[in-house]
Each structure stands twice: as C-alpha cells, then as structure tokens.
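Let me begin by presenting the structure, written as structure tokens, before commenting on it.
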Ligand code: P6P
C-alpha cells in the first residue's frame with residue numbers, strides 16, 4: 001500500500017494555490033477535521049451511548065432536533081470559537097448568527113453541523129456541510145449577519161464530511177476538489193482522491209419522486225425524460241451529502257425541486273447548497289436553482305431555502321432546458 005499524503009502535507013505542497021495564509025487555512029481545516037473525528041466517534045456509537053432520538057427541542061425550521069444535531073452543533077461552534085480565527089458562525093441549528101467573542105478574527109463560517117440526521121437511527125450515512133468566507137465587516141468591529149449572507153462565489157472553502165461506510169472529508173479552496181479519508185488506525189485523514197472530476201453525463205438521477213404530482217411541469221418532463229431513456233437508474237438515499245457524494249464519484253444529477261410542501265425548495269442556500277455547488281463546479285459540474293447559478297444568488301436571510309439541481313453538467317443542462325421550455 002503506497003504511503004498516503006496527510007492533510008498537512010497536502011496543504012504545504014499546495015501553499016501557492018491557497019486563497020489565504022497556509023498557517024490559517026491549515027489551522028482551520030485541521031480544526032474541522034479534528035471535530036469531524038469526534039462527531040464520527042459519537043455517530044458510530046450513538047446506539048450504545050443512547051444518542052439516538054430527539055433532543056426534545058426544535059430548530060429555527062421547526063424541525064425536531066436529534067440529540068446528535070445538538071451535539072454536533074455544540075462541538076463545531078466550540079471548535080470555531082477556540083480556533084481564534086472565526087468571528088461569526090451561521091448554523092442550521094441556531095436562529096441567529098453565533099458570535100465567537102473575537103472581533104479581530106477574519107473568517108466566517110456557515111454550516112449544517114449534521115445534515116440528514118433523520119437517518120441517524122436507521123444507520124444511513126449523514127454529513128457535515130460548511131462554507132468559509134472572509135468577513136465583510138471591518139476587523140475589530142462586532143460581526144454582523146451580512147458577514148454570513150455572502151454569495152457562493154465569495155467562498156474561500158466549500159466542504160463536507162460524509163459519515164458513511166468510511167468517513168470522508170471533502171473540500172475545495174478553489175483549486176480542485178480533494179478527498180481525505182479517515183484512517184481510524186492512524187487517527188488521520190489521508191488523501192485518497194485529488195482533483196476529482198464529475199463526468200459530464202451519467203444515467204443516475206436522484207430525486208424524491210414521492211412529490212412528483214406537485215412538481216412543476218418542466219421538472220416532470222425531466223423525470224419523464226430519464227424514464228423514457230430506459231437505461232437510467234433512480235438513486236435516492238434521502239441524505240443530501242450521501243446522494244451528492246455518490247454523484248460526484250459516479251456522475252448523476254440531484255434534484256430537490258419546488259414541491260407542494262416546499263414551494264421554494266427544502267434545502268438551504270447558505271450552508272447546504274452553496275458549499276456543494278462550489279465543490280460541484282470545481283469538479284466540472286453545475287449547480288442551479290432551475291434558472292440561475294446557485295453561487296450567484298444574493299442571500300437575503302440566514303435560513304433561506306432554494307430549489308436545487310446539481311451534478312453532471314450535461315444532465316443539469318437538460319433539466320434547465322426542459323424547465324425553460326415548459327415553465
Ligand atoms: P425529503 C435531510 O433531512 C435533508 O435535509 C437532506 O439531507 C435530504 O437531501 C433531504 O432533506 C431529504 O428530504 O423531503 O426527500 O425527505
């Protein structure tokens with residue numbers, strides 16, 4: 001087995017391509033990786049340590065929080081506060097921005113600490129999703145919500161952790177997409193994929209067709225197109241990071257359209273769709289809301305939702321074409 005590259009070795013070797021000082025990005029990414037290891041440990045032992053089930057509280061979206069949601073949020077918020085690099089965090093689990101009590105820190109994080117948590121108790125893969133930005137407000141001043149409400153094109157880092165059959169840490173800093181896989185033996189994340197590319201075409205579509213009757217005409221036409229081709233596969237795990245990761249590696253399109261229950265879509269622009277859009281585009285894929293590029297959308301609120309079409313470029317183009325023709 002060849003000697004694998006560690007995260008620190010990788011960042012050092014690619015220092016010239018980093019969007020911020022090596023020492024700061026190294027510290028930030030290692031902070032996230034270290035916390036991901038802790039979340040990994042809790043997720044794998046949740047049934048034993050009675051961490052399954054609900055926390056008895058709800059998040060801003062009115063969704064019941066799982067115990068692991070609350071724990072992951074606490075772990076990551078603490079990590080960012082202790083990093084001394086982050087001034088403010090936006091989290092799916094908290095209604096308002098979370099100040100890090102460090103007005104001199106330069107970085108901003110938007111995150112979904114544990115996405116797909118309804119799948120935890122049935123042993124389906126779940127994930128952490130995050131974006132890192134430079135603050136917009138003046139260093140030394142109290143950070144504002146506008147520091148978090150930044151377009152996807154402003155991201156310095158887009159990343160996710162997939163807690164699956166292996167725990168994978170996937171991120172881009174604007175120079176390709178790289179996958180680090182956690183080695184429980186050595187306790188390190190090791191480079192297992194570099195400059196990942198998503199194929200332009202594939203035969204896998206990923207969508208919750210339970211809402212089909214409530215889909216708009218163009219989306220219905222696209223799903224019908226996939227079926228009429230005859231050799232497409234429908235793959236839907238119901239855990240965004242897992243569905244997205246499969247499509248990154250094998251090709252495919254993930255669609256969360258407007259539905260009767262979620263007319264503006266279900267997924268959140270800031271801390272779900274933008275980080276994955278950055279990764280998809282860096283790998284040669286596309287990410288749209290059905291009309292506009294996800295990373296061009298000007299965020300208006302922390303938890304705003306969007307419709308989402310992401311994955312293999314030619315498949316996204318086909319869906320956009322049918323939406324444009326029929327809507
Ligand atoms: P539905 C999980 O709750 C989540 O936020 C994403 O991980 C996933 O893609 C989506 O919701 C699934 O939603 O409506 O198909 O169950």
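Numbering (my numbering), first residue to last: 1 to 327. A virtual CB, placed ideally from N, CA and C, is assigned to each residue, including glycine. Quick caveat: nothing in here was measured; it's all calculated off a predicted structure.
Taking 7 Å as the cut-off, does the CB of residue i come closer than this to any heavy atom belonging to the ligand P6P?
i, result
"residue 53", "no"
"residue 239", "yes"
"residue 116", "yes"
"residue 243", "yes"
"residue 208", "yes"
"residue 266", "yes"
Does DSSP put residue i in a helix, in a strand, or in coil?
i, result
"residue 10", "helix"
"residue 64", "strand"
"residue 69", "helix"
"residue 20", "coil"
"residue 302", "coil"
"residue 50", "coil"
"residue 166", "coil"
"residue 320", "helix"
"residue 143", "coil"
"residue 149", "coil"
"residue 4", "coil"
"residue 262", "coil"
"residue 83", "helix"
"residue 283", "coil"
"residue 120", "helix"
"residue 237", "coil"
"residue 94", "coil"
"residue 15", "helix"
"residue 327", "coil"
"residue 138", "coil"
Using the DSSP secondary-structure output, state which residues sit across from residue i in a beta bridge.
i, result
"residue 108", "88 and 133"
"residue 99", "88"
"residue 256", "308"
"residue 332", "In the structure displayed, the chain extends from 1 to 327; residue 332 sits before or after that span and is not available."
"residue 288", "293 and 309"
"residue 128", "161"
"residue 171", "159 and 178"
"residue 115", "127"
"residue 267", "306"
Taking its Cβ as the centre, do 16 or more other Cβ atoms sit within 10 Å of residue i, making it buried, or is it exposed?
i, result
"residue 158", "buried"
"residue 147", "buried"
"residue 333", "Since the displayed the chain opens at 1 and closes at 327, residue 333 lies outside it and no answer follows."
"residue 195", "exposed"
"residue 73", "buried"
"residue 266", "buried"
"residue 268", "buried"
"residue 104", "exposed"
"residue 135", "buried"
"residue 252", "buried"
"residue 326", "exposed"
"residue 305", "buried"
"residue 117", "buried"
"residue 329", "Any answer about residue 329 is impossible in this case: the structure gives the chain only from 1 up to 327."
"residue 33", "buried"
"residue 150", "buried"
"residue 221", "buried"
"residue 50", "exposed"
"residue 23", "exposed"
"residue 65", "buried"
"residue 92", "buried"
"residue 21", "exposed"
"residue 286", "buried"
Taking only heavy atoms of the ligand MG into account, decide whether any of them is closer than 7 Å to the Cβ of residue i.
i, result
"residue 235", "For the ligand MG, the structure offers nothing, since it holds only the ligand P6P."
To test your reading of the DSSP string, which unbroken alpha helix (DSSP H) runs of 4 or more residues are found completely within the region 175 to 234? Those alpha helix (DSSP H) runs which fall completely within the region 175 to 234 and span 4+ residues are 217 to 229.
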